[in-house]
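A.B. asks: Going line by line, the protein sequences match chains Z and L. Note that my numbering has the first sequence beginning at 1157, numbered continuously upward. Note that my numbering has the second sequence beginning at 181, numbered continuously upward. C-beta: ideal position from N, C-alpha, C; glycine also.
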Amino acid sequence: MANIEDLKEEAKKLLREGKVKYIIGYGAGTNGWPAAPLFIKKHEDVDKLVWNPTCVHNLVRFLVDEKRRKARQKQPDKRPVGIMVKGCDSRAVVVLLQEKFIDRNDVYILGVSCGKTGVVDDAKLSKKMGGKKAKKVEVDAQDRFVVTTEEGTVEAAAEELLAERCLECKANFPVIYDVLSGEKTKRPLDKPFGSLEKIESLSAAERWSFWKEQLDKCIRCYACRSACPMCYCDECVVDSINLAVTADTTADEKAQRIRWVQRSAESSENLIYHLVRAIHLAGRCIDCGECERACPLDIPLRFLNKKLEKEAKELFGYEVGFDSALPALISSFRDEDPQDFIR
Amino acid sequence: MAEDYEPRIVAFLCKWCSSAGSDLAGVSRMEYPPNVVPIQVMCSGSVSPLYIFSAFNKGADGVLVSGCHPGDCHYIKGNYYARRRLNLVKKLLEYIGLEPQRFQMSWISAAEGTKYTQIIKNFVKELKPLGPQTKMRRNP
């Protein structure tokens, strides 16, 4: 884990000189673990920034909110927003730039490298602690996790507590940044899609029962959608409130509007919702794991997105989030794209 | 499985090739199973994955998307986009455990009436042993 003193200096300078509107970063959580998103407007608050393995959130979502807020203002403050990004989050910024959702001048990127480790997994941590509450999670010089509790410290190997996505991370450092804290280290990665093997090895019937059981749990709270930095459509296909109802709208028009997906949390509708989401994120999901983390029912949503990431890589040689000048996966094609499935 | 089970197929046919191909099959009085509901779309590239999910959701046993042969698209490259996008849809449907035979894609030109009948015949033959599609179907 990188030391962010240099980054704090830069942040102070930016705020003092008024070069950024505010800085989105990580601050200490109110409950010991984990860190929480922090918005800094004054340079004297910069010291509240923290950087440790509990900085799990993808703050890029706030850039989407910022754009919406700016669109509503009559005279918006055009200065960029400073944002602290990890490797995965920086790829989210790249995708937003690629899709021209944000402009490079809208954002000042404070990159932090995860070094040789990454962020902790909440579930793995609580299992390891066996009910004891973690107060602090740090990484020592040997890249081992040190968890501090009321009763002392517990050490654990990085692999034991790292989030699944971090174990499959292609680059644990930001690919785009204005300032970078830490080194660009790459961890050797022999199985970039290893976590999928378990599901892929199942038979079709077993896969179906797995996904049915998982998606039946969904209560359609749309937390996955809210947490996702890529889910920024103004109108979502699953909302039945899209129809612009004016005084002229007839009852007939209201009744006839297309309901692609019902809002009720039935298994067929949940399935359609999650399939649509997976397809919409094909070639866009940067595997930050926010959907899965936000899910109150622990649906392994990451496996849906990861599968499409894998297919995009294997079928089309497309890697998401490394080059904002490349065309997006499904708005481009190549003559030699596979078509063995077509009759 | 009941002997008299007849699968329902929703076919998204592009206006310029596949739909004309199915027309040709019709005016040439070629025989093919009546299980298919053709829906004309302007281009196979305009078929949103949602159309396919929605067709299954509303009770289709199989979905066919058909467009012009590569290089023949009326809009130059619509079918190339479709090929890429629907490949992902196919992989995703297989991944969640839907039978792979239920979603098919084909290239049918305006002159290939015979190919159209052949594809529908094969499709029906493959769907019959699978029985009704209930996985994605909305409860009535």
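Apart from the five residues on each side of it in sequence, which residues of its chain come closer than 8 Å, Cβ to Cβ, to G239 (chain L)?
C.D. replies: Around G239 (chain L): R188, Q313, R317 and R318.
A.B. asks: Going by the CB atoms, is the gap between L272 (chain L) and A1434 (chain Z) shorter than 9 Å?
C.D. replies: Closer than 9 Å, so yes.
A.B. asks: Pull up the CB-CB distance for R1235 (chain Z) and K1197 (chain Z), whole angstroms please, since I reckon it's below 8 Å.
C.D. replies: At roughly 12 Å, the Cβ-Cβ gap does not stay under 8 Å, so R1235 (chain Z) and K1197 (chain Z) are not in contact.
A.B. asks: Which of helix, strand or coil does DSSP assign to Q220 (chain L)?
C.D. replies: Correct three-state label for Q220 (chain L): strand.
A.B. asks: For Q284 (chain L), which residues in chain Z fall below 7 Å Cβ to Cβ?
C.D. replies: Near Q284 (chain L) (Cβ distances below 7 Å), the residues of chain Z are R1499.
A.B. asks: Run through chain L and tell me which residues come within less than 8 Å of V1501 (chain Z), C-beta to C-beta.
C.D. replies: Absent from the structure is residue 1501 (chain Z), since the part of chain Z shown begins at 1157 and ends at 1499.
A.B. asks: Return the residue from the list L:Y185, L:G242 and L:S226 that minimises the CA-CA distance to W196 (chain L).
C.D. replies: Of the candidates L:Y185, L:G242 and L:S226, the one whose C-alpha sits nearest the C-alpha of W196 (chain L) is L:S226.
A.B. asks: Pull out every residue of the segment 1454-1487 of chain Z whose Cβ sits closer than 8 Å to any Cβ of chain L, in chain order.
C.D. replies: Hits within the stretch, in order: L1460, K1463, L1464, E1467, A1468, L1471, F1472, L1485, I1486 and S1487.
A.B. asks: From C1451 (chain Z) to T294 (chain L), what does the alpha carbon distance come to, in whole angstroms?
C.D. replies: Cα to Cα, the separation comes out at about 50 Å.
A.B. asks: Whole angstroms are fine: how far does the CA of R1172 (chain Z) sit from the CA of Y1178 (chain Z)?
C.D. replies: The straight-line gap from Cα to Cα measures roughly 11 Å.
A.B. asks: Short of 9 Å Cβ to Cβ, which residues in the segment 267-282 of chain L face chain Z?
C.D. replies: The residues in question are N267, L268, V269, K270, K271, L272, L273, E274, Y275, I276, G277, L278, E279 and P280.
A.B. asks: Going by alpha carbons, who is nearest to G1136 (chain Z) out of Z:T1273, Z:G1287, Z:V1249 and Z:K1242?
C.D. replies: Any property of residue 1136 (chain Z) remains undetermined from this structure, which presents chain Z solely from 1157 to 1499.
A.B. asks: Under 7 Å between beta-carbons, which chain L residues line up against V1393 (chain Z)? List them in chain order, please.
C.D. replies: The answer, in chain order, is L230.
A.B. asks: When you compare each of Z:N1261, Z:K1347, Z:Y1429 and Z:S1423 to D1233 (chain Z) by their alpha carbons, which one comes out closest?
C.D. replies: Nearest C-alpha to D1233 (chain Z): Z:N1261.
A.B. asks: Can you list, in chain order, the residues of the segment 282-315 of chain L whose Cβ is nearer than 7 Å to any Cβ on chain Z?
C.D. replies: For the segment 282-315 of chain L, which is checked against every Cβ of chain Z, the residues closer than 7 Å are Q284, M285, S286, W287, I299 and K315.
A.B. asks: Check whether chain Z comes within 9 Å of P250 (chain L), counting only Cβ atoms and requiring the distance to be less than that.
C.D. replies: At least one chain Z Cβ lies under 9 Å of P250 (chain L).
A.B. asks: Might you give, ordered along the chain, the residues of its own chain that have their beta carbon closer than 7 Å to the beta carbon of L1253 (chain Z), omitting 5 neighbours on each side?
C.D. replies: Only R1260 and S1480 meet the Cβ criterion.
A.B. asks: Which bits of chain Z does N237 (chain L) rub up against, with CB to CB less than 7 Å?
C.D. replies: Those within 7 Å of N237 (chain L) in chain Z are S1424 and I1428.
A.B. asks: Quick check on V1331 (chain Z): does DSSP put it in helix, strand or coil?
C.D. replies: In this structure, V1331 (chain Z) counts as coil in the three-state DSSP scheme.
A.B. asks: Kindly say whether E1356 (chain Z), judged by its beta-carbon, lies nearer than 9 Å to any beta-carbon of chain L.
C.D. replies: Closer than 9 Å to some Cβ of chain L, the Cβ of E1356 (chain Z) qualifies, so yes.
A.B. asks: What residue from Z:R1363, Z:V1335, Z:K1230 and Z:A1327 has the CA that sits closest to P1348 (chain Z)'s CA?
C.D. replies: Cα-wise, what sits closest to P1348 (chain Z) is Z:A1327.
A.B. asks: Compute the beta-carbon to beta-carbon distance between I232 (chain L) and F303 (chain L), rounded to the nearest angstrom, for a pair I have assumed lies under 8 Å.
C.D. replies: In fact, because the Cβ distance is near 15 Å, the residues do not count as touching under 8 Å.
A.B. asks: Leaving out five residues on either side along the sequence, give the residues of the same chain with a beta carbon under 7 Å from the beta carbon of K308 (chain L).
C.D. replies: Result list for K308 (chain L): Y185 and P187, in chain order.
A.B. asks: Scan the segment 1357-1382 of chain Z for residues whose Cβ lies nearer than 8 Å to a Cβ of chain L and list them as they occur along the chain.
C.D. replies: Cβ contacts with chain L come from A1360, A1361, E1362, R1363, W1364, S1365, F1366, W1367 and K1368.
A.B. asks: Evaluate V217 (chain L) with the Cβ neighbour count: other Cβ atoms within 10 Å of its Cβ, from every protein chain shown; 16 or more gives buried, anything less gives exposed.
C.D. replies: Result: exposed.
A.B. asks: Roughly how far, in whole angstroms, is the beta-carbon of G1274 (chain Z) from the beta-carbon of L1170 (chain Z), given that I think they are within contact range, below 8 Å?
C.D. replies: At roughly 27 Å, the Cβ-Cβ gap does not stay under 8 Å, so G1274 (chain Z) and L1170 (chain Z) are not in contact.
A.B. asks: What residues are listed by DSSP as bridge partners for Q298 (chain L)?
C.D. replies: Bridge partners of Q298 (chain L): none, in fact.
A.B. asks: Going by DSSP, name the residue or residues bridged to I1239 (chain Z).
C.D. replies: Answer by DSSP bridge pairing, in chain order: Z:I1180 and Z:I1265.
A.B. asks: Could you check what DSSP says for K305 (chain L) in three-state terms: helix, strand or coil?
C.D. replies: K305 (chain L): helix per DSSP, three-state reduction.
A.B. asks: Taking all protein chains shown into account, decide if K1204 (chain Z) is buried (16 or more other Cβ within 10 angstroms of its Cβ) or exposed.
C.D. replies: So K1204 (chain Z) ends up on the exposed side.
A.B. asks: Report the CB separation of C1244 (chain Z) from N1214 (chain Z) in whole angstroms; it is logged as a contact under 8 Å.
C.D. replies: With a Cβ gap of about 7 Å, C1244 (chain Z) and N1214 (chain Z) count as contacting.
A.B. asks: Find out if the Cβ-Cβ distance for the pair R1300 (chain Z), G1477 (chain Z) is shorter than 9 Å.
C.D. replies: No, these two residues do not count as a Cβ contact at 9 Å.
A.B. asks: Looking at C-beta atoms only, is the number of pairs between the segment 1182-1202 of chain Z and the segment 1276-1296 of chain Z that lie closer than 8 Å three or more?
C.D. replies: Enough Cβ pairs lie closer than 8 Å, so yes.
A.B. asks: Count the other C-beta atoms from every protein chain shown that fall within 10 angstroms of the C-beta of S224 (chain L), then say buried if there are 16 or more, exposed otherwise.
C.D. replies: Flag for S224 (chain L) reads buried.
A.B. asks: Could you tell me the boundaries of the beta strand (DSSP E) in which E1294 (chain Z) lies?
C.D. replies: Looking at the DSSP string, the run of the beta strand (DSSP E) that includes E1294 (chain Z) is A1290 to V1295.
A.B. asks: Given a cut-off of 9 Å on the beta-carbon distance, is the pair E1467 (chain Z) and A1421 (chain Z) in contact?
C.D. replies: The answer is no: Cβ separation not under 9 Å.
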